[in-house]
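Trainee: From first to last, the protein sequence lines are chains H and E.
Just add 1225 to wherever you are in the first sequence, counting from 1, and you've got my numbering.
Just add 262 to wherever you are in the second sequence, counting from 1, and you've got my numbering.
Here it is, the structure, as structure tokens.
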Amino acid sequence: NAGVMQNPRHLVRRRGQEARLRCSPMKGHSHVYWYRQLPEEGLKFMVYLQKENIIDESGMPKERFSAEFPKEGPSILRIQQVVRGDSAAYFCASSRRGGGAVDTQYFGPGTRLTVL
Amino acid sequence: GQQLNQNPQSMFIQEGEDVSMNCTSSSIFNTWLWYKQDPGEGPVLLIALYKAGELTSNGRLTAQFGITRKDSFLNISASIPSDVGIYFCAGQRIETSGSRLTFGEGTQLTVNP
């Protein structure tokens, strides 16, 4: 069974460019969570999505950041006009069940974004 | 937002020693989880705890869900070099809007052979 897949593993962008991070959940999982990890810190929740729906985006900055999980294809975390402070590791996790249920989240290997 | 206090921040031990780390929160969680993260990788689930007072083992690892639902600890017995890494606790609240994880800041474990 393939685990959660993320690509690219490493992404370098210059200030002002756009970054697109992709996450393919585990087979049979329709719930995706995105987290951000700054150096020397724990992971911080950003957004929770089900297929075609954003359920909770309370952890995501209001500007420049967006996320989607289309009916077909991976979940995408998009960062427009990146700034140096966006440099971090971005992880997605998937689960079989979502809100209202006890369920385990399995993490991908992450995308390490570096903004020059 | 919610914060978890994880202690200690780092530990340097000799191979064969036992290790203990803990997390405390000002808020109640439905679930406590412990993850390990190796450099350049994502967190890997070690133990999940679902009931207050629960004590669960996974090989040399033992974790407990505090009675108050505001704390948890992880013990590693007879440490080996491959135990090196960062250990994170995470609390989970089960809500209809999602079951986000709130992470501690991590315990960096170094094992000297």
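Every residue, glycine too, gets a C-beta built ideally from N, C-alpha and C.
On the premise that H/Q1262 lies in contact with H/G1333, defined as a C-beta separation below 8 Å, what is that separation, rounded to the nearest angstrom?
Mentor: Between H/Q1262 and H/G1333 the Cβ distance is about 12 Å, and since that is not below 8 Å, they are no contact.
Trainee: Among the residues of its own chain, which have a CB less than 6 Å from the CB of H/A1314, if the five just before and after it don't count?
Mentor: The beta carbon of H/A1314 sits closer than 6 Å to the beta carbons of Q1262, G1335 and R1337 from its chain, once the five residues preceding and following it are set aside; these are given in chain order.
Trainee: So with CB distances below 9 Å, who are the chain H contacts of E/E277?
Mentor: Simply none; closest approach about 25 Å.
Trainee: Name the chain E residues whose beta carbon is nearer than 7 Å to that of H/T1329?
Mentor: L307 and A310
Trainee: Would you mind sorting E/D280 into buried or exposed? The rule is 16 or more other CB atoms within 10 Å of its CB.
Mentor: exposed
Trainee: Between which two residues does the beta strand (DSSP E) carrying H/A1318 extend?
Mentor: Taken as a continuous stretch (DSSP letters only), the beta strand (DSSP E) holding H/A1318 covers A1313 to S1320.
Trainee: Which same chain residues end up closer than 8 Å to H/K1276 when comparing Cβ atoms and leaving out the 5 residues on each side of it in sequence?
Mentor: Correct list, in chain order: S1255, F1294, P1295 and K1296.
Trainee: Is the segment 1303-1318 of chain H touching the segment 318-333 of chain E, taking contact as three or more C-beta pairs under 8 Å?
Mentor: no
Trainee: If the cut is a Cβ gap below 8 Å, which residues of chain H does E/E303 touch?
Mentor: P1334 and G1335
Trainee: For H/G1267 versus E/G321, is the C-beta spacing smaller than 8 Å?
Mentor: One thing to note: H/G1267 has its Cβ no nearer than 8 Å to the Cβ of E/G321.
Trainee: Which same chain residues end up closer than 6 Å to E/N267 when comparing Cβ atoms and leaving out the 5 residues on each side of it in sequence?
Mentor: Shown here for E/N267: same chain residues with a beta carbon closer than 6 Å to its own, the five before and five after excluded, namely T286 in chain order.
Trainee: Quick check: what's the CA-CA separation for H/R1245 versus H/K1252?
Mentor: 22 Å
Trainee: Would you mind sorting E/N374 into buried or exposed? The rule is 16 or more other CB atoms within 10 Å of its CB.
Mentor: With fewer than 16 other Cβ atoms within 10 Å, it is exposed.
Trainee: Report the neighbours of E/E367 on chain H: residues whose CB is nearer than 7 Å to its CB, in chain order.
Mentor: Chain H residues near E/E367: E1266 and G1267.
Trainee: Per DSSP, H/M1230 is paired with what?
Mentor: According to the DSSP secondary-structure assignment, H/M1230 is paired through a beta bridge with H/S1249.
Trainee: So if I threshold CB-CB distances at 8 Å, which residues from the segment 1310-1322 of chain H count as touching chain A?
Mentor: Among the protein chains in the structure shown, which are H and E, there is no chain A.
Trainee: Beta-carbon of E/F327 versus every beta-carbon of chain H: anything under 8 Å?
Mentor: no
Trainee: Report the CB separation of E/S334 from E/N284 in whole angstroms; it is logged as a contact under 8 Å.
Mentor: 7 Å
Trainee: Determine the DSSP secondary structure at H/R1239, reduced to helix, strand or coil.
Mentor: H/R1239 falls in the coil class under three-state DSSP.
Trainee: Which of helix, strand or coil does DSSP assign to H/S1191?
Mentor: Residue 1191 of chain H cannot be examined here, being either before or after the span of chain H that is shown, 1226 to 1341.
Trainee: In chain H, what lies closer than 9 Å to E/L363 by C-beta?
Mentor: Y1258, Y1260, L1268, F1270, A1318 and Q1330
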